[in-house]
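Numbering-wise (the numbering used here), the sequence shown opens with residue 7 and increments by one. Built from N, CA and C at the ideal position, the CB exists for glycine as well.
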Amino acid sequence: MSTQSSVERMPRNVKVALWVIWFQALLSVAAAVVILSVVSDAVDHGRGEGTGLISALAYLTFLTSALLVAAGIAAPRRFGWVRGTVVAVEVLNLVGGVIGLLKGGGVSLIGGIALGAAILRIFLSDEAKAWFSR
7 MSTQSSVERM
17 PRNVKVALWV
27 IWFQALLSVA
37 AAVVILSVVS
47 DAVDHGRGEG
57 TGLISALAYL
67 TFLTSALLVA
77 AGIAAPRRFG
87 WVRGTVVAVE
97 VLNLVGGVIG
107 LLKGGGVSLI
117 GGIALGAAIL
127 RIFLSDEAKA
137 WFSR
């Protein structure tokens with residue numbers, strides 16, 4: 007006698023997107039730590055004027071990273087909020103990347119924009135919608 011598992015498997019593209027999200031969260035935390043370190047150094051040396059916005063953006067980066075980590079943890083359990091959270095964070099990342107690129111941030115932002123667009127495409131797909139709709 008054989009028994010079959012009734013457990014559904016996460017779609018492959020959603021699984022790959024989740025790995026990218028974990029990587030993105032890790033890089034975002036590292037970037038925020040570096041930014042706050044530079045801001046702290048500037049403040050310590052009397053050059054802290056105008057660093058408030060940069061600090062706020064670094065803390066926003068921590069928040070979005072935490073949201074991505076929470077989504078990554080909850081995704082296998084198929085919670086519906088995961089898809090909306092990832093889409094919202096990736097839209098914010100895309101908008102920030104495009105603004106940074108337009109402000110002369112350099113071509114290094116193109117990779118982040120491309121990753122964000124790819125994750126968005128996957129999480130807006132019918133497969134992802136079906137996975138997170140239970």
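Whole-Å CB distance - Phe-129 paired with Val-92, under 8 Å assumed
For a cut-off of 8 Å, the C-beta gap from Phe-129 to Val-92 is around 5 Å, short enough to register as a contact.
I'd like to check one pair, Thr-70 with Val-95: are the Cβ atoms closer than 7 Å?
Less than 7 Å separates the beta-carbon of Val-95 from that of Thr-70.
Residue burial classification, Phe-29 (beta-carbon count within 10 angstroms, cutoff 16)
Here Phe-29 is exposed. Its C-beta has fewer than 16 other C-beta atoms within 10 Å.
What's the C-alpha gap between Ser-46 and Lys-135?
43 Å
Residue closest to Val-88, alpha-carbon to alpha-carbon, out of Val-20, Glu-14, Asn-99 and Gly-110:
Closest in alpha carbon position to Val-88, among Val-20, Glu-14, Asn-99 and Gly-110, is Val-20.
Cβ-heavy atom distance, Leu-107 to the ligand ZN, below 6 Å
As for the ligand ZN, it is missing from this structure, which has no ligand bound.
State the Cα-Cα distance for the pair Arg-18 and Trp-25, rounded to the nearest angstrom.
11 Å
Of the listed residues Val-44, Ser-114, Phe-85 and Val-97, nearest to Ala-123 (C-alpha basis)
The residue with the shortest Cα to Cα distance from Ala-123 is Val-97.
From what residue to what residue does the alpha helix (DSSP H) around Phe-29 run?
18-50
Alpha carbon of Ala-64 to alpha carbon of Val-39, nearest angstrom
8 Å
Just mark Gly-52 as buried or exposed, buried being the case when its beta carbon has 16 or more other beta carbons within 10 Å.
exposed
For Ser-61, does the three-state DSSP call read helix, strand or coil?
helix
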